[in-house]
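Peer 1: The structure follows.
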Amino acid sequence: MTINIDDNRYEIEIVKKKTTRNTYIRVKPGGVIYVTTNTRTRDKDIIKLIEENKKSVIKMLSKQDKKDESNTYFWYLGNKYDIVYTNDSAIVLGSSKAFIGRSIDIDKWYKKQAEKIFSEHLENCYKLYSRNIPHPTLTIRKMTSRWGVCNTRSKRVTLNLELIKMPLFCLDYVIYHELSHLIYANHSKDFWTLVEENCPEYKKIRKYMKED
Ligand SMILES: [Zn+2]
């Protein structure tokens, strides 16, 4: 059985059991809508129920879609690799494939690479910076809504771990952005002039990061 939701066709897998009292809707890999219900529930009632809960079904579908995508592709420094799972406990990058050990904690691996790359780039951007600024310290963590944060009081720059998936020019832009906050705490015109002074391509890069 299939259903059309917003012009997309989805497969519905139904499991009916005498012992199941309620109807549950879930989404499985590949965007299959999985329904468990009682033997007496009619198929048209299932369709009706899915339609009535369209909003939450769409939410589940897009969540699963993201999950499927991260199980298929591996991103590193702006490059996209096809994931091949292995029994090794390592991540090895080929030209287009990423060989990833099943037991590997990918975020831990990203963090390890980021610690080296981000600190090198922060140091380099600091050295090249057009004005005198205090030497910043670095924190790396996963953030959901920002690429970077600058604590002007403690001179601490926090970079989003997700930047490890992006090209290095994005990392440098975010670093210059945060370093500029050591002079202007706001996003005033002067601030952006200072960003441009250090990162002339910043407008293009911001656009790239928003579209990504
Ligand atoms: Zn800012």
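Residue numbering for the sequence shown follows this note's numbering, beginning at 162 and increasing consecutively.
All C-beta atoms, glycine included, are put in the ideal place defined by N, C-alpha and C.
Since we're looking at a predicted model, the values are computed, not measured.
Give me whichever residues DSSP pairs with residue 240 in a beta bridge.
Peer 2: Locating residue 240 in the sequence shown gives position 79, where the first residue counts as 1. 237, per the DSSP bridge assignment.
Peer 1: Check whether the segment 345-356 and the segment 320-329 touch, using three or more Cβ-Cβ pairs below 8 Å as the test.
Peer 2: no
Peer 1: When DSSP builds the beta bridges, which residues end up paired with residue 192?
Peer 2: Within the sequence shown, residue 192 is the residue found at index 31, counting from 1. Its beta-bridge partners do not exist; DSSP assigns none.
Peer 1: Nearest CA to the CA of residue 322: which residue from 271, 312, 370 and 206?
Peer 2: Position 161 of the sequence shown, counted from the start, is the residue given in the question as residue 322. Checking every option, the nearest Cα to that of residue 322 belongs to 271.
Peer 1: Where do the N-terminal and C-terminal ends of the beta strand (DSSP E) with residue 169 fall, by residue?
Peer 2: One-based indexing of the sequence shown puts residue 169 at position 8. First-last of the beta strand (DSSP E) with residue 169: 169-178.
Peer 1: Which parts of the segment 257-313 are runs of the alpha helix (DSSP H), unbroken and 4 residues or longer, counting only runs that do not cross its ends?
Peer 2: Every alpha helix (DSSP H) stretch that sits fully inside the segment 257-313 and reaches 4 residues is listed by chain position as 267-289.
Peer 1: Any idea which residues DSSP pairs residue 321 with across the strands?
Peer 2: Mapped onto the sequence shown, residue 321 falls at position 160. Answer is 302.
Peer 1: Quick check on this structure: which residue in 362, 302, 211 and 203 has the alpha carbon closest to the alpha carbon of residue 164?
Peer 2: If you number the sequence shown from 1, residue 164 lands on position 3. Closest by alpha carbon: 211.
Peer 1: Return yes when the Cβ of residue 252 is within less than 9 Å of the Cβ of residue 265, no when it is not.
Peer 2: To locate residue 265, count along the sequence shown from 1; it is residue 104. To locate residue 252, count along the sequence shown from 1; it is residue 91. Contact flag set, yes.
Peer 1: Mind checking whether residue 243 and residue 237 have CB atoms under 9 Å apart?
Peer 2: The residue given as residue 243 occupies position 82 in the sequence shown. The residue given as residue 237 occupies position 76 in the sequence shown. No. Outside cutoff.
Peer 1: Please tell me whether, using a cut-off of 8 Å, the distance from the CB of residue 338 to the nearest non-hydrogen atom of ligand 1 is below it.
Peer 2: Taking the first residue of the sequence shown as position 1, residue 338 is located at position 177. Yes.
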